[in-house]
């Protein structure tokens with residue numbers, strides 16, 4: 001509580017700063033811009049015109065050192081966190097909801113990569129991303145099932161609007177994990193035709209935690225990653241027609257340590273200050289040392305994921321006299337192989353019925369895929385080998401204003417197939433079809449706007465002889481009022497729905513990445529939620545203030561519940577169950593220029609509380625978080641940033657979660673424009689020091705805290721970017 005009070009007082013002092021009325025160029029403070037067109041909503045409006053509150057982060061406005069990963073890009077966005085499995089695996093968490101409750105769009109199409117798994121990240125390279133749009137709250141009206149928590153929409157790199165050629169190259173080195181992150185790209189336009197080509201490479205070793213009082217400094221084995229990403233885009237524009245064809249291939253090797261999910265106990269009741277006292281360290285020393293020793297004994301059995309993502313999308317836009325039509329077709333393939341720490345005999349739970357259900361399908365699948373290569377470079381066979389293929393069609397038709405009314409009608413179709421090729425099966429072979437149709441209307445008044453929408457959805461799943469059909473109607477209503485002097489008030493109410501995913505319905509096996517034996521249930525019903533968002537923002541040339549509040553009521557929330565039983569190999573057994581739940585909270589963000597010409601700041605605070613209706617807290621709820629960014633612009637060529645992050649203690653945790661203490665981190669960074677003799681070229685030098693004071697801590701959304709692995713210690717990044 002004292003940390004919450006402290007953060008609240010600091011934010012209040014910043015908001016009431018006497019320099020509220022001083023002039024400031026907002027581009028230098030916030031990556032969120034109000035004058036850019038929003039793509040994730042249908043009417044082609046800017047952020048301040050939109051009835052739905054959308055946050056847009058523009059990578060071009062950011063320091064390149066903060067764009068090494070998508071997690072870096074979105075790290076300062078209020079209401080968005082990441083569930084991590086080390087520095088290389090992270091998945092978005094929007095106001096306490098993640099995995100299949102968050103829809104991700106990439107390369108103009110819905111992005112699917114078996115995200116139901118706890119240790120499955122989003123695997124999107126930041127090199128080819130121009131901006132990211134975030135919708136916090138149910139967006140099922142536009143995106144169908146699974147958008148119950150929100151949407152992350154990645155806008156790909158834009159084509160040049162004029163004849164010519166531009167290119168860029170950047171590379172960064174990180175000392176903590178001896179990692180390189182490099183990208184090179186070229187973009188050219190000749191009359192109606194445009195081309196973009198880009199390649200990105202990441203090579204990260206095992207990361208090290210901060211030095212602890214017992215002298216242990218890491219590194220933590222099997223926490224590194226490697227990634228190669230290639231992108232090609234072809235554009236054509238003539239008259240009222242434009243075409244955007246994109247190909248993206250990403251291959252990643254993600255190392256995952258094998259640890260006991262119950263690896264440490266952090267549920268002490270004492271206070272914990274920002275410096276992490278010795279009692280905190282004593283709580284973890286024995287567990288961590290045991291885990292580290294055990295990991296050294298099994299070094300030759302390194303566990304890792306070999307993942308390939310392939311995406312092809314083709315977007316077509318046609319403008320008519322008073323309307324526009326957009327049609328996007330896409331195909332993606334996700335190949336996931338897992339090596340190491342898997343029992344070659346398969347099911348340890350002894351569920352003969354489960355084996356019988358899968359044997360025939362699995363054998364047939366092997367017969368059909370004799371040529372499928374399920375070995376790594378060393379000849380080791382993948383224990384878990386899965387292929388997910390997705391074919392999608394998105395379309396929308398938007399009419400221009402007629403008597404101050406705009407209409408949008410659209411739909412989505414998604415066809416998925418999941419296939420197994422390995423000896424171990426967590427998710428059965430399955431097919432899934434999603435179909436949806438929506439209607440959205442936008443009414444414009446003198447100083448206010450009203451948006452009403454409705455949608456119908458149908459999902460069909462066929463797996464192991466079981467056919468499931470889910471359907472739902474969703475609706476939304478939003479109202480925006482311009483209060484004058486660049487002040488806006490919004491209230492949005494929306495329903496959302498999410499059908500159970502394949503893991504929740506049919507899983508029955510050991511999930512080594514989480515250290516659990518998971519059992520699904522084909523009797524699970526649809527999740528439905530109703531969320532109310534209230535937003536107020538005011539901005540001018542001098543400062544900006546944003547207040548977001550929300551209340552989310554979820555019926556039949558699906559969660560994993562420990563049974564108290566264990567397998568023969570002492571792995572705890574968990575079952576998927578349902579309960580009504582609520583999540584409430586909000587975010588406050590403020591930015592301003594100080595009385596010092598070269599100093600401006602951006603501050604935010606966010607609070608969440610998630611609880612099941614009957615009893616117990618929801619998992620993966622971030623603690624109270626306070627962020628402060630100080631921007632020091634000494635000149636057009638020299639810039640420094642100081643980032644302060646404070647997270648409060650989180651002891652309101654789910655049954656299988658560990659509580660975490662508060663932490664206080666400081667990062668500093670700088671960038672310099674270098675004089676270049678080559679005409680038209682620009683060279684920039686970047687550096688960043690993360691966790692400056694080398695604090696040892698557990699982030700609450702880090703899965704490694706269950707292994708006794710501290711988050712990353714001090715890390716120094718240095719890089720160079722050349723653009724021409």
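In this note's numbering, the protein residues as written are 1 to 724.
Beta carbons: idealized from backbone N, C-alpha and C, even for Gly.
Quantities reported herein were computed from a predicted structural model and do not represent experimental measurements.
Have a look at residue i and residue j and give me their C-alpha separation to the nearest angstrom.
i: residue 606; j: residue 81; result: 11 Å
i: residue 474; j: residue 144; result: 9 Å
i: residue 184; j: residue 707; result: 37 Å
i: residue 33; j: residue 639; result: At residue 33 the pLDDT is 46, less than 50, meaning the model places this residue with poor confidence; the figure from the coordinates comes in the next sentence. Spanning the two alpha carbons is a distance of roughly 20 Å.
i: residue 715; j: residue 215; result: 18 Å
i: residue 732; j: residue 211; result: Residue 732 lies beyond the residue range present for the chain, which begins at 1 and ends at 724; the question has no answer from this structure.
i: residue 191; j: residue 455; result: 40 Å
i: residue 608; j: residue 135; result: 17 Å
i: residue 221; j: residue 410; result: 48 Å
i: residue 253; j: residue 121; result: 12 Å
i: residue 303; j: residue 515; result: 13 Å
i: residue 331; j: residue 104; result: 15 Å
i: residue 481; j: residue 137; result: 20 Å
i: residue 453; j: residue 139; result: 11 Å
i: residue 147; j: residue 466; result: 25 Å
i: residue 151; j: residue 133; result: 8 Å
i: residue 387; j: residue 682; result: 43 Å
i: residue 478; j: residue 256; result: 43 Å
i: residue 724; j: residue 591; result: 32 Å
i: residue 593; j: residue 632; result: 10 Å
i: residue 74; j: residue 91; result: 12 Å
DSSP three-state call for residue i: helix, strand or coil?
i: residue 706; result: helix
i: residue 100; result: helix
i: residue 544; result: strand
i: residue 105; result: strand
i: residue 781; result: Limits of the chain in this structure are 1 at one end and 724 at the other, which puts residue 781 out of reach.
i: residue 175; result: coil
i: residue 55; result: strand
i: residue 723; result: strand
i: residue 64; result: helix
i: residue 140; result: helix
i: residue 72; result: helix
i: residue 507; result: coil
i: residue 134; result: strand
i: residue 549; result: strand
Counting only the same chain and skipping the five closest in sequence on each side, list residues whose C-beta sits under 6 Å from that of residue i.
i: residue 663; result: 647, 697
i: residue 630; result: 601, 642
i: residue 782; result: Here the chain covers residues 1 to 724 and nothing more, so residue 782 does not appear.
i: residue 412; result: 144, 394, 436
i: residue 249; result: 230, 310
i: residue 384; result: 338, 422, 424
i: residue 651; result: 659
i: residue 405; result: 443
i: residue 228; result: 201, 251
i: residue 574; result: 516, 518, 560, 562
i: residue 621; result: 96, 608, 610
i: residue 157; result: 128, 130, 196
i: residue 242; result: 317
Taking all protein chains shown into account, do 16 or more other C-beta atoms lie within 10 angstroms of the C-beta of residue i, making it buried, or fewer, making it exposed?
i: residue 161; result: exposed
i: residue 732; result: For the chain, the structure presents residues 1 to 724; residue 732 sits outside this window and is missing.
i: residue 566; result: exposed
i: residue 334; result: buried
i: residue 126; result: buried
i: residue 503; result: buried
i: residue 523; result: exposed
i: residue 67; result: buried
i: residue 305; result: buried
Keeping to the same chain, check which residues put their C-beta closer than 7 Å to that of residue i; ignore five residues upstream and five downstream.
i: residue 704; result: 85, 86
i: residue 124; result: 70, 106, 154
i: residue 710; result: 209, 210, 696, 697, 698
i: residue 653; result: 617, 659
Excluding the 5 residues preceding and the 5 following residue i in the sequence, name in chain order all residues of the same chain whose CB lies nearer than 8 Å to its CB.
i: residue 240; result: 318, 319, 320
i: residue 401; result: 444
i: residue 276; result: Summary for residue 276: the model assigns pLDDT 43, below 50, so the residue's position carries little reliability; its value from the coordinates is reported in the next sentence. 661, 663, 695, 696, 697, listed in sequence order.
Is residue i near the ligand NAD, in the sense that its beta carbon is under 7 Å from a heavy atom of that ligand?
i: residue 122; result: Absence of the ligand NAD from the depicted structure is noted, as is the absence of any ligand whatsoever, leaving it without description.
Decide yes or no for the touch test of the stretch 109-116 against the stretch 46-53: beta carbon pairs closer than 8 Å, at least 3 of them.
no
Is the stretch 522-534 in contact with the stretch 548-563, if contact means three or more CB pairs nearer than 8 Å?
yes
I want to know whether the stretch 495-510 touches the stretch 534-547 - three or more CB-CB distances under 8 Å.
These segments do not touch.
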